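Using our numbering, read the sequence shown as starting at 927 and increasing by one per residue.
Take a look at the structure set out below.
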Amino acid sequence: MLARLVPAPLVRWFARPYVAGASLEAGLAVARKASEEGLLTTLDLLGEDVTTSAQVDANVAVYRRTIDALAALPAAMRPSVSLKPSAFTTRDPGGVVGPIESLAALARERGVALTIDMEGHRWTDLTLDLALDLYGRGFDVGTVLQTRLYRTADDLRRIPRGMRLRLVIGIYRESSRIAMVEKPAMKRAMLDAARFLVARDVHVEFATHDVACVETFAREIAPRAPRSSEVQMLLGVPRKALQRRLVSGEYGVCIPVRLYVPFAIGWRDATAYLRRRMAESPNVTWLVLRNLFSR
Ligand code: FDA
């Protein structure tokens, strides 16, 4: 409700720290700067929840351009791409398969890793099945599981050795019938999931800004598989000191940190993105307002 009342120019202003800018070039510039600071990145086009097939085509075209641009960068700093299935279909969820498979094929050709983000629970089966199928056929495709969902405990068992799996608590509000409602429980489940996956040689991408949670991961879990552990954070969330400690090995092993860098094509999409985040999570609205008043 509050999210809808905030005028677009203000939303845009709030969005600044969290969004690289309104062009692919802006996303690439942020990735370059992060790389100079020793951080990896994943680029995400803000274009989910499309309503027309022209928007689907436009999203595919931007991702193709993004993958081509990333292929020209040195492999050691090359960003991956992250995408949301709802950016690739208007009505039929199954419609995402063709466009995402074509992007995975291009990404494989160009040496770019691809992650399929996880949206609300109605997307879970489709996203997981698609990611597992593509990975099984040799594409460098990873995906995301949300530890707030009770079903995740079973889904974790489906992730094969070597696959990239981002663990998050989940940003979408879900019913208490299918999901935990208390954050500490979601965080405990996240650490348990990381322990489980590391023991199975899955490449764990531990995505949270919770300092205590990251430190437990860094001290107790990552050292068991330093080459297949990574911490991920969103662009704009102030965690520079923690990121430096992770990459410099202060917790015993050097742990790569990857920033999730959303970019838009035009500010309209960026504004819509932040409004959705504010609507989905009152916490985000609070953070945005707090950022406004603390500037
Ligand atoms: P929590 O919300 O408890 O935050 C921990 C601390 O960080 C708090 O002090 C909080 O104030 C601060 N903080 C968190 N977000 C902040 C912000 N935006 N600005 C300022 N401070 C902030 N979800 C999903 O459902 N599907 C997905 O595919 C992804 N993908 C994804 C990628 C990456 C790289 C990250 C980091 C996160 C996601 N998420 C996601 C979102 C995730 O599920 C979760 O909603 C957020 O990470 C916030 O939860 P935390 O674990 O950070 O804990």
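In this text, a Cβ means the ideal position worked out from N, Cα and C, and glycines have one as well.
What you are looking at is a predicted structure, and each value in this text was computed from that prediction instead of being measured.
Where residue i falls: helix, strand or coil (DSSP)
{"i": "His1135", "result": "coil"}
{"i": "Val1016", "result": "It should be noted that the sequence gives Thr, not Val, for residue 1016. Of the three classes helix, strand and coil, the one that applies to Thr1016 here is coil, per DSSP."}
{"i": "Lys959", "result": "helix"}
{"i": "Ile993", "result": "helix"}
{"i": "Arg1221", "result": "With a pLDDT of only 36 at Arg1221, under 50, the local geometry of the prediction cannot be trusted, and no value is derived from it."}
{"i": "Phe1189", "result": "strand"}
{"i": "Leu965", "result": "coil"}
{"i": "Glu1156", "result": "strand"}
{"i": "Ala1120", "result": "helix"}
{"i": "Asp1055", "result": "helix"}
Distance cut-off 7 Å: residue i Cβ against heavy atoms of ligand 1
{"i": "Ile1097", "result": "yes"}
{"i": "Met1003", "result": "no"}
{"i": "Asp1055", "result": "no"}
{"i": "Gln1169", "result": "no"}
{"i": "His1135", "result": "yes"}
{"i": "Met1159", "result": "yes"}
{"i": "Ala1092", "result": "First, the amino acid is wrong: residue 1092 is Arg here, not Ala. Yes, Cβ of Arg1092 sits closer than 7 Å to a heavy atom of ligand 1."}
{"i": "Asp1043", "result": "yes"}
{"i": "Tyr944", "result": "yes"}
Selected residue, minimal CA-CA separation from residue i, among the options
{"i": "Leu1052", "options": "Tyr1061, Arg1034 and Gly1020", "result": "Gly1020"}
{"i": "Gly1175", "options": "Leu966, Gly973, Pro1152 and Ala1030", "result": "Pro1152"}
{"i": "Gly947", "options": "Asp970, Gly964 and Glu962", "result": "Asp970"}
{"i": "Ala987", "options": "Ala1138, Leu1032 and Arg1184", "result": "Leu1032"}
{"i": "Ala1196", "options": "Asp975, Gly964, Arg958 and Ala960", "result": "Asp975"}
{"i": "Ala1120", "options": "Ala1148, Ile1097, Ala1105 and Leu1185", "result": "Ala1148"}
Distance cut-off 7 Å: residue i Cβ against heavy atoms of ligand 2
{"i": "Tyr1199", "result": "Looking at this structure, you won't find ligand 2 anywhere; what it does contain is ligand 1."}
Inset, instruction - Give a yes or no on contact between the stretch 977 to 984 and the stretch 932 to 943, applying the rule of three or more CB pairs nearer than 8 Å. - result: no
Inset, instruction - Inspect the CB distances between the stretch 1033 to 1040 and the stretch 1052 to 1067 and report whether three or more fall short of 8 Å. - result: yes
Legend entry - Contact between the stretch 1131 to 1145 and the stretch 1172 to 1189 (3+ Cβ pairs under 8 Å): yes
Legend entry - Inter-stretch contact at 8 Å, needing at least 3 Cβ pairs: the stretch 987 to 1001 / the stretch 947 to 964: yes
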